[in-house]
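K.L.:
Here it is, the structure in full.
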Amino acid sequence: MRFLGMAGFYRKFCPNFSSVVGPLTNLLQKRVNFAWTNDCDESFKKIKCVLMNSPVLSAPNFDKQFKLTVDASDVGIGAALFQENDDGVDRVVCYFSKKLTKCQKNYSTIEKECLALLLALQHFDVYLNVTLHPILVYTDHNPLTFLHKMSNKNQRLTRWSLLLQEY
1 MRFLGMAGFY
11 RKFCPNFSSV
21 VGPLTNLLQK
31 RVNFAWTNDC
41 DESFKKIKCV
51 LMNSPVLSAP
61 NFDKQFKLTV
71 DASDVGIGAA
81 LFQENDDGVD
91 RVVCYFSKKL
101 TKCQKNYSTI
111 EKECLALLLA
121 LQHFDVYLNV
131 TLHPILVYTD
141 HNPLTFLHKM
151 SNKNQRLTRW
161 SLLLQEY
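UniProt numbering puts the last residue of the sequence shown at 167; the count rises by one with no breaks.
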């Protein structure tokens with residue numbers, strides 16, 4: 001538990017943190033037998049490796065455009081905020097990841113991807129609301145790009161698309 005607390009302190013510097021530590025956090029749930037499996041061992045080794053080898057982050061430059069990449073899986077969601085440096089190379093400013101709840105795991109793919117986008121924008125709001133430049137969003141889920149044009153959205157997607165209009 002102490003290890004996860006220490007590792008969690010550095011979560012914004014680690015890509016896909018929630019997905020990597022998922023097997024370990026599952027052990028901490030109530031009414032779950034503590035059984036150290038191969039998945040737990042792999043998770044422990046991966047998080048140690050990630051903490052030792054995380055990329056150097058760049059300080060945000062609010063005079064430049066931000067780029068946001070988002071992705072969702074059956075386990076969690078993740079995002080990375082980038083900015084182009086003076087050499088034209090994208091540098092990571094910050095990471096975000098979150099393990100999906102039991103209910104969120106039942107969402108459709110477009111709902112998971114939309115949730116990833118919404119939570120990432122809310123998480124990085126302190127950076128994104130200061131800049132005057134538009135935010136470039138990259139996703140591997142093409143239907144998400146047509147969210148504003150969809151005519152048969154469910155209530156959840158409608159609510160989220162209204163929240164996304166702020167950005």
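Note that CB positions come from ideal geometry on N, CA and C, so glycine has one too. Since the structure is predicted, the reported quantities are computational estimates derived from the model, not experimental observations.
Is residue 61 close to chain D? Criterion is C-beta to C-beta, closer than 8 Å.
P.N.:
Absent from the structure: chain D. Only one protein chain is present.
K.L.:
So which of 132, 74, 15 and 18 has the shortest CA-CA distance to residue 105?
P.N.:
When each option's Cα is compared against that of residue 105, the closest is 74.
K.L.:
What are the uninterrupted segments assigned as beta strand (DSSP E) that are 3 or more residues long and contained completely in the stretch 84-116, given in chain order?
P.N.:
You should have 90-99.
K.L.:
Kindly indicate the opening and closing residues of the beta strand (DSSP E) around residue 71.
P.N.:
That run of the beta strand (DSSP E) goes 66-72.
K.L.:
I need the boundaries of the beta strand (DSSP E) containing residue 137, first residue and last residue.
P.N.:
136-139 is the span of the beta strand (DSSP E), which, as asked, contains residue 137.
K.L.:
Would you grab the beta carbon distance between residue 14 and residue 50 for me? Rounded to a whole angstrom, and I think it's under 8 Å.
P.N.:
Residue 14 to residue 50, Cβ: 5 Å. Contact.
K.L.:
Verify whether the separation of the beta carbon atoms of residue 80 and residue 92 is less than 8 Å.
P.N.:
Yes, Cβ-Cβ distance for residue 80 and residue 92 is below 8 Å.
K.L.:
Using CA coordinates, which residue listed in 16, 117, 17 and 166 is at the minimum distance from residue 142?
P.N.:
Of the candidates 16, 117, 17 and 166, the one whose C-alpha sits nearest the C-alpha of residue 142 is 117.
K.L.:
State the Cα-Cα distance for the pair residue 45 and residue 24, rounded to the nearest angstrom.
P.N.:
Approximately 11 Å between the Cα atoms of the pair.
K.L.:
Take the Cβ of residue 83 as the centre, count every other Cβ of all protein chains shown within 10 Å, and call the residue buried at 16 or more, exposed below.
P.N.:
Buried, by the Cβ-count rule.
K.L.:
Tell me, which residues are paired with residue 78 by DSSP?
P.N.:
Paired residue(s): 71 and 97.
K.L.:
By Cβ distance, which residues of its chain are closer than 7 Å to residue 120, with the 5 residues on each side in sequence left out?
P.N.:
Within the same chain, residue 120 has close Cβ partners 68, 70, 79 and 96.
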